[in-house]
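As given, the protein sequences belong to chains A and B, one line each in that order. Position one of the first sequence corresponds to residue 1 (this note's numbering), numbered consecutively onward. Position one of the second sequence corresponds to residue 174 (this note's numbering), numbered consecutively onward. For each residue, glycine too, the CB sits at the ideal point set by N, CA and C. In what follows, a structure is listed as structure tokens, so that the remarks can point back to it.
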Amino acid sequence: MTDIIKDKAIVSDEWTVLRLSEEQTPDAVEVPAGKTIVPLQVWLLQREALIQRDDISVWFNSDEQAKDLKDDIARFSLLAVNFPKFSDGRGYSIAFNLRSRFGFTGELRAIGDVLRDQLFYMQRVGFNAFAVRADKNIHDAIKGLTDFSEKYQTSWDEKNPLFRRAKRAGAEV
Amino acid sequence: MYRYDQHDHQIIKERIAQFRDQVRRRLANELTEEEFLPLRLQNGLYFQRHAYMLRVAVPYGMLSSEQMRVFALIARKYDRGYGHFTTRQNIQYNWINLEDAPDILEHLAKVEMHAIQTSGNCMRNITSDEFAGVAADEVIDPRAYAEILRQWTTFHPEFAYLPRKFKIAINGSKEDRAAIAVHDIGLTVVHNEAGEVGFRVMVGGGMGRTPILGSVIREFLPWQHVMTYLEAILRIYNQYGRRDNKYKARIKILVKAIGADVFAKQVEEEWADIKDGPATLTEAELNRVASFFSTPDYTNLPAQDAAFEQHKEQNKAFANWVKRNVKPHKVAGYSAVVLSLKKPGVPPGDATAEQMDFIADLADKYSFGELRVTHEQNLVLADVKQSDLFAVWEEAKSHGVATPNIGLLTDMICCPGGDFCALANAKSIPIALDITDRFNDLDYLHDIGDIELNMSGCINACGHHHVGNIGVLGVDKDGSEWYQVSIGGAQGNQAAIGKIIGPSFSAGQMPEVIERIIQVYLRDRLDNERFIDTTQRLGITPFKEFVYATPIKTTEHHGEDAGSVVSY
Chain A
1 MTDIIKDKAI
11 VSDEWTVLRL
21 SEEQTPDAVE
31 VPAGKTIVPL
41 QVWLLQREAL
51 IQRDDISVWF
61 NSDEQAKDLK
71 DDIARFSLLA
81 VNFPKFSDGR
91 GYSIAFNLRS
101 RFGFTGELRA
111 IGDVLRDQLF
121 YMQRVGFNAF
131 AVRADKNIHD
141 AIKGLTDFSE
151 KYQTSWDEKN
161 PLFRRAKRAG
171 AEV
Chain B
174 MYRYDQHDHQ
184 IIKERIAQFR
194 DQVRRRLANE
204 LTEEEFLPLR
214 LQNGLYFQRH
224 AYMLRVAVPY
234 GMLSSEQMRV
244 FALIARKYDR
254 GYGHFTTRQN
264 IQYNWINLED
274 APDILEHLAK
284 VEMHAIQTSG
294 NCMRNITSDE
304 FAGVAADEVI
314 DPRAYAEILR
324 QWTTFHPEFA
334 YLPRKFKIAI
344 NGSKEDRAAI
354 AVHDIGLTVV
364 HNEAGEVGFR
374 VMVGGGMGRT
384 PILGSVIREF
394 LPWQHVMTYL
404 EAILRIYNQY
414 GRRDNKYKAR
424 IKILVKAIGA
434 DVFAKQVEEE
444 WADIKDGPAT
454 LTEAELNRVA
464 SFFSTPDYTN
474 LPAQDAAFEQ
484 HKEQNKAFAN
494 WVKRNVKPHK
504 VAGYSAVVLS
514 LKKPGVPPGD
524 ATAEQMDFIA
534 DLADKYSFGE
544 LRVTHEQNLV
554 LADVKQSDLF
564 AVWEEAKSHG
574 VATPNIGLLT
584 DMICCPGGDF
594 CALANAKSIP
604 IALDITDRFN
614 DLDYLHDIGD
624 IELNMSGCIN
634 ACGHHHVGNI
644 GVLGVDKDGS
654 EWYQVSIGGA
664 QGNQAAIGKI
674 IGPSFSAGQM
684 PEVIERIIQV
694 YLRDRLDNER
704 FIDTTQRLGI
714 TPFKEFVYAT
724 PIKTTEHHGE
734 DAGSVVSY
């Protein structure tokens, strides 16, 4: 059991993330029993076996696409997106696409190099859960969710841009 | 100009609090330098050779006299009494302490300014035409769109960690003064056949290691769709732009690799999902933002002012200044004035705190309290009465900002180079100063006429050398500094990438090399032919032959070092 941030609170979590070692291959790796988040490639290659289980979810690496999971997306109550480096921004578009284009409504979790100073943006594009990097203080990291109270543009969290939501002043003539 | 409302103020206030805490955590070692790096970059803070450099955004190059005075205050209080205006219409300070940065941001916020996204792998400050709103050849004023895009790009959550930096420029005039062809996205505001307003969209232009001119991917995008369409472009780039090699990570490489047609098709597909969604710009919002860029209170003036004409006839120095530094205005009796920051002995684009205060006063007195920064690193008073030009000239002269060299050889674009920048292979400022010294005869400069000399200290091309009529690039050969010269580059409507004339030169040879190139031009030019036209007509061969024909003598740089040669 580890702590994660979920829906703006720190909660303990039972899921294990399966990461392959160099010797393991996605078609042959044995998926352990219990709640496991498997790499997308493992899901795609072992789908027939894994589909029988109700304790499996899937994580995307940053070079993968939401559309690669397509019709299966609705099966899951949890999906995760991996950030190999916090500076790799592809995961933001994966999350946005999962939510906006494929209508995923379950828990969307950021895993990997997940740090306080990126949480606000992650939350905006559709993440609602964050497995903060283990060596960081999760009680510090959660503060990153409230850096800003206002935003200009649309994303998953704000369907309307500021100019449609607020009465904004023009020039005084 | 645009003024913040409570929402803008709130966002900037929260940013400063966020950054102050990030600095605190860095100093307390809660953040590693690696973790802190993109955070500070997205606040305009680079670590350079000697200290931190802070780059402050001047949105689309417009600023008020009040803002300019705060630039002066920051220069005095936190730097060494000067600042450097950049090719992206921003200002940067070269001697900043990290601990001071949050306080500097507080000063800026009081006058509605910030340093957000002036660096880092994100959408940068939007640049535009320095004569927007006043240019005689303007078709549509681009400033309201520039401000709307400023807000859209500010803290965009999905596109803050792109493969590489991302620069957007927007132009609304017949002549392109915003260098749109060398931007990641270059927008031109145009009318379609039905007279509706929209944008011609170019993507994939850029300089650096691989100079490429942008490709038009849409001839007409109705104005309402600008944000959703740009969102589609950015989403494609964020997902598919290369991240394995920083020199191949700009959008230009992606567009080139898959072809502009295929890229355009992908954008259209991506766009189909979000087109007409709530991010579509409304007429009400456009009108609200445009209300900030209304026409100032111009006086009804005759097209010609008799006293002004008389001064021009009687005073050759004034006439020279008018010829080079005064630009046509769309309102009769008014002109735009370019204040030159290219004075002999001073690094191109630098201004002292004293000059900034003085220029702010000039703006208050003669130009509705507004100023513009040009991408050629000069400043503009956009609305000066012709009858005031002589007084402006006399005052500007007394503060060293009336060098009559706009568009001439000594009006160089130049990056800070090896004196300051940790990326640079070679110094650029001392070379610029030596060339300025060599071409100190004004009559000679005016005879040479329109020419753009652009200089970069390294392949990142901050000095835009690829699109200089003469481009100079500092290169490192076995640990010493050399300079590669190209000719035939151009910005604007006839944008072109220059061609390298041959092996590179030492710093000391550069004034002579430029002199020889000019001699070929003067020898071979046809009547009224500009340097760029001659080079494009003849190609590089005659220049190459002449430059390398005999040994090139070396000029000694007459100072100990570039940094110290400059006195403020």
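Contacting residues, own chain, Cβ-Cβ under 8 Å from residue i (five flanking each side not counted)
| i | result |
| --- | --- |
| Pro-39 (chain A) | Leu-18, Arg-19, Leu-20, Pro-26, Val-58, Trp-59 and Asn-61 |
| Met-1 (chain A) | Ser-12, Asp-13 and Glu-14 |
| Lys-70 (chain A) | Phe-102 |
| Ile-269 (chain B) | Leu-218, Ala-224, Tyr-225, Met-226, Leu-227, Tyr-251, Asp-252 and Ile-277 |
| Asp-620 (chain B) | Leu-695 |
| Thr-361 (chain B) | Ile-343, Asn-344, Gly-345, Asp-349, Ile-353, Phe-372, Arg-373 and Met-375 |
Cβ-heavy atom distance, residue i to the ligand COA, below 7 Å
| i | result |
| --- | --- |
| Phe-491 (chain B) | In terms of ligand content, the structure shown is empty, and the ligand COA therefore cannot be addressed. |
For residue i, the nearest candidate out of the options (CA to CA)
| i | options | result |
| --- | --- | --- |
| Gly-106 (chain A) | A:Asp-7, A:Ala-131, A:Glu-172 and A:Arg-133 | A:Asp-7 |
| Ala-319 (chain B) | B:Asp-651, B:Val-462 and B:Phe-220 | B:Val-462 |
| Ala-663 (chain B) | B:Leu-427, B:Glu-272, B:Ala-445 and B:Ala-354 | B:Ala-354 |
| Asn-82 (chain A) | A:Leu-44, A:Ile-37 and A:Asp-135 | A:Ile-37 |
| Lys-538 (chain B) | B:Ala-526, B:Glu-187 and B:Leu-562 | B:Leu-562 |
| Ser-292 (chain B) | B:Gly-345, B:Glu-331, B:Trp-325 and B:Leu-210 | B:Leu-210 |
| Asp-176 (chain A) | A:Leu-45, A:Ala-9 and A:Val-29 | Because chain A here runs from 1 to 173, residue 176 (chain A) falls outside it and cannot be looked at. |
| Asp-310 (chain B) | B:Asp-349, B:His-637, B:Ile-321 and B:Glu-331 | B:Asp-349 |
| Val-553 (chain B) | B:His-502, B:Ser-571, B:Pro-384 and B:Arg-228 | B:His-502 |
| Ala-526 (chain B) | B:Ala-224, B:Tyr-266, B:Asp-194 and B:Arg-228 | B:Tyr-266 |
| Thr-455 (chain B) | B:Pro-395, B:Glu-442 and B:Val-504 | B:Pro-395 |
| Glu-331 (chain B) | B:Ala-308, B:Arg-249 and B:Gln-412 | B:Gln-412 |
Check whether residue i and residue j have beta carbons under 8 Å apart
| i | j | result |
| --- | --- | --- |
| His-329 (chain B) | Met-296 (chain B) | yes |
| Gly-359 (chain B) | Thr-300 (chain B) | no |
| Phe-127 (chain A) | Arg-109 (chain A) | yes |
| Leu-626 (chain B) | Met-585 (chain B) | yes |
CB contact below 8 Å: residue i versus chain B
| i | result |
| --- | --- |
| Thr-105 (chain A) | no |
| Gly-170 (chain A) | yes |
| Lys-8 (chain A) | no |
| Val-125 (chain A) | yes |
| Ala-33 (chain A) | no |
Contact with chain A by residue i, beta-carbon distance below 8 Å
| i | result |
| --- | --- |
| Ala-274 (chain B) | no |
| Gly-736 (chain B) | Note that Gly-736 (chain B) has pLDDT 36, beneath the 50 cutoff, so the model's placement of it is unreliable and no number is given. |
| Pro-232 (chain B) | no |
| Ala-452 (chain B) | yes |
| Tyr-219 (chain B) | no |
| Gly-732 (chain B) | Reliability of the predicted coordinates at Gly-732 (chain B) is poor, the pLDDT of 44 falling under 50, and the value obtained from them is presented with this limitation in mind. No, no contact with chain A. |
| Asp-744 (chain B) | Not covered by the structure: residue 744 (chain B). The range shown for chain B is 174 to 741. |
| Glu-330 (chain B) | For the sequence presented, residue 330 (chain B) should be read as Pro rather than Glu. Answer yes: the Cβ-Cβ gap between Pro-330 (chain B) and chain A drops below 8 Å somewhere. |
Sequence-distant residues of the same chain with beta carbon closer than 7 Å to residue i, five excluded per side
| i | result |
| --- | --- |
| Arg-698 (chain B) | Thr-707 |
| Leu-119 (chain A) | Phe-130, Ala-141, Gly-144 and Leu-145 |
| Ile-447 (chain B) | Thr-401, Glu-404 and Ala-405 |
| Ala-480 (chain B) | Ser-560 |
| Ala-524 (chain B) | Tyr-255, Gly-256, Phe-258 and Leu-514 |
| Gln-221 (chain B) | Asn-267, Phe-593, Cys-594 and Ala-595 |
| Pro-517 (chain B) | Thr-609, Asp-610 and Asn-613 |
| Ala-735 (chain B) | Low confidence applies here, because Ala-735 (chain B) scores a pLDDT of 36, under 50, leaving its location unreliable; read the following figure in that light. If we look at Ala-735 (chain B) and ignore the five residues flanking it on each side, its Cβ neighbours are Asp-592, Lys-600, Ile-602 and Pro-603. |
Cutoff 6 Å; reference residue i; Cβ partners in own chain excluding five residues on either side
| i | result |
| --- | --- |
| Ser-155 (chain A) | Arg-124 and Val-125 |
| Val-284 (chain B) | Glu-239, Gln-240 and Val-243 |
| Ala-668 (chain B) | Ala-354 and Leu-386 |
| Tyr-410 (chain B) | Ile-424 |
| Lys-340 (chain B) | Arg-297, His-356 and Asp-357 |
| Ile-73 (chain A) | Phe-102 and Phe-104 |
| Ile-185 (chain B) | Ala-282 and His-287 |
| Ser-740 (chain B) | At Ser-740 (chain B) the pLDDT is 29, less than 50, meaning the model places this residue with poor confidence; the figure from the coordinates comes in the next sentence. Nothing listed; no residue qualifies. |
| Val-183 (chain A) | Residue numbering for chain A in the displayed model covers 1 to 173; residue 183 (chain A) lies beyond these limits and cannot be assessed. |
Delimiting residues of the beta strand (DSSP E) encompassing residue i
| i | result |
| --- | --- |
| Trp-655 (chain B) | 653-660 |
| Asn-82 (chain A) | 78-83 |
| Ile-264 (chain B) | 264-269 |
| Ile-127 (chain B) | Beyond the ends of chain B as shown, which are 174 and 741, falls residue 127 (chain B); an answer cannot be given. |
| Phe-393 (chain B) | 388-395 |
Residue i - containing alpha helix (DSSP H), residue span
| i | result |
| --- | --- |
| His-139 (chain A) | 138-141 |
| Asn-498 (chain B) | 489-498 |
| Leu-278 (chain B) | 274-283 |
| Ser-513 (chain B) | No alpha helix (DSSP H) contains Ser-513 (chain B), which DSSP labels as neither H nor E. |
| Val-462 (chain B) | 456-463 |
| Ala-351 (chain B) | No alpha helix (DSSP H) contains Ala-351 (chain B), which DSSP labels as neither H nor E. |
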